[in-house]
Amino acid sequence: MIRYLIKNNFKIMFRSVTNILLLLVAPLLVSAVLESAFSSLLEHYEQKERIDVGYQLLDETMPEEMMSALIAGADQNGLHFALYETGEPEKVMRDNGLDAFVVFADHTYTVYQSEDSKKEGKVLEYVLFAFFENASGETAGASKETVSAGSQLKVETPDFMPAIDSKDYYGIIEIIYFCWCAIVCGASLFSNEKKYRIGQRFRVSGLTETKLYAAKFIPTVMVVGLGMWGAALLSHILLGVHWGNIFLSGTIILFSALAAVSMGLMFLSIFDNVVISIILVFSLVWFAGFFGGSFETYMFSAHPESLKLLSPLYHSNRALVELSCMGHSDYVSGSLLYSAGITVVCSAAAILAGVIRKRGKA
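Under this note's numbering, the first residue of the sequence shown is numbered 3, with each subsequent residue one higher.
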């Protein structure tokens with residue numbers, strides 16, 4: 003009997019065109035919109051192999067040896083200086099396709115940069131600052147003193163998270179967000195059961211509350227899990243989203259589906275009302291997504307870490323994002339355990355609520 007119910011409910015849910023479109027299309031559309039809206043927020047600077055810099059030397063007191071040393075040092079760092087004796091800096095930059103321009107005059111220097119080459123201008127500013135600081139007698143003396151003392155410089159490379167762009171971030175995050183709205187996929191099935199009192203008829207047949215729960219839980223998880231895996235595959239094909247470790251990413255999505263479905267069925271068992279259950283699920287998911295990085299990226303959000311850690315979406319989001327850009331994540335185990343814990347607790351609560359309602363009607 004239980005296998006027949008699971009098979010029948012799975013067919014009913016999978017035949018719904020609305021469910022399939024919701025699972026496959028909605029995450030992709032939202033991801034594409036957020037990717038476009040927040041592309042500048044997550045863009046990262048990729049240094050040019052060559053930065054072309056023009057300069058004018060109006061300071062007659064600048065030693066030729068110092069200028070030669072500056073040009074040679076800058077060339078080693080990818081900045082190539084070219085002398086322009088006359089002309090307005092802005093016009094010279096525009097006519098010659100320069101990334102930046104510097105004018106040396108009256109013992110000072112002025113850096114010019116265009117709107118499209120602000121980052122290159124900052125690189126030039128740093129190189130000039132570092133050069134003239136090191137050229138000063140005070141800095142040279144300190145450096146010489148350090149070497150003579152025989153101290154060694156300890157060099158360490160700290161761990162850091164590589165940059166991730168908006169395409170990968172929101173393409174991953176929205177899959178999890180829609181996965182947690184899983185109860186919508188079974189709304190028509192649950193509504194028909196209540197409308198035609200199918201659940202009451204099955205209870206009369208002697209099926210336990212656990213089996214009745216499993217008859218709804220298993221097919222809903224199967225549909226949501228397959229739908230989210232399909233959406234993830236389409237996000238890679240159509241949007242170019244990188245998912246990192248495929249096995250771990252797919253497992254995290256599946257566990258999120260388990261937790262989401264169990265939470266929805268818990269509310270359905272307690273309140274016995276599909277609309278109320280959907281409203282409660284959406285409210286909780288929205289708050290969890292708000293603190294978990296579904297709208298504002300968790301890297302840049304100002305929310306306390308303690309609030310983020312309360313959100314199951316945060317654990318899944320961070321695990322998947324780090325798997326995408328680093329290939330590993332310390333949040334994988336936490337995400338799976340959190341989702342598994344929610345599944346167990348919510349499933350037990352749903353079955354208990356069903357038992358209490360059955361006794362109350364007996």
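Where is the CB? At the ideal position from N, CA and C, for every residue including glycine.
- Taken in chain order, the whole alpha helix (DSSP H) runs of length 4 or more contained in the stretch 81-148 are 91-98, 120-137.
- Around the beta carbon of residue 17, fewer than 16 other beta carbons sit within 10 angstroms, so the residue counts as exposed.
- Remark: three or more beta-carbon pairs, one from each stretch, lie closer than 8 Å, so the stretch 218-237 and the stretch 181-199 are flagged as touching.
- Taking residue 184 as the centre and dropping the five residues before and after it, the same chain places the C-beta of 222, 226, 259, 262, 263, 266 closer than 7 Å to its C-beta, in chain order.
- By the neighbour-count definition (other C-beta atoms within 10 Å, threshold 16), residue 306 is an exposed residue.
- Secondary-structure assignment with DSSP links residue 53 through a beta bridge to 81.
- Judged by DSSP in its simplified three-state form, residue 59 adopts strand.
- Residue 341 sits away from residue 269, with the two beta carbons spaced by 8 Å or more.
- Annotated three-state conformation of residue 238 is helix, per DSSP.
- Measuring C-alpha to C-alpha distances from residue 112 to each of 127, 271, 218, 273 identifies 127 as the nearest.
- The C-alpha of residue 241 lies about 15 Å from the C-alpha of residue 231.
- Per the C-alpha coordinates, the member of 280, 56, 218 positioned closest to residue 13 is 218.
- Nearest Cα to residue 346 within the set 282, 212, 284: 212.
- In this structure, the beta-carbon distance from residue 315 to residue 178 falls below 8 Å.
- The Cβ neighbour count for residue 70, taken over all protein chains shown within 10 Å, is under 16; the residue is labelled exposed.
- Residues 106 of the same chain have their beta carbon placed closer than 7 Å to that of residue 64, with the five preceding and five following residues left out of the count.
- One Cα belongs to residue 182, the other to residue 134, and the distance between them is close to 57 Å.
- The criterion of a C-beta distance shorter than 8 Å is not satisfied by residue 76 and residue 56.
- DSSP places residue 20 in the uninterrupted alpha helix (DSSP H) bounded by 19-39.
- A direct Cα-to-Cα measurement between residue 279 and residue 116 gives close to 55 Å.
- Going by DSSP, residue 210 is part of no alpha helix (DSSP H) at all; its letter is neither H nor E.
- One Cα belongs to residue 54, the other to residue 132, and the distance between them is close to 19 Å.
- With 16 or more other CB atoms across the displayed protein chains lying within 10 angstroms of its CB, residue 58 is buried.
- 176 is the residue among 250, 176, 73 whose C-alpha sits nearest the C-alpha of residue 31.
- In the three-state reduction of the DSSP assignment, residue 336 falls in the helix class.
- In this structure residue 299 is buried. Its beta-carbon is surrounded by 16 or more other beta-carbon atoms within 10 angstroms.
- DSSP places residue 243 outside both helix and strand once states are collapsed to three, so it counts as coil.
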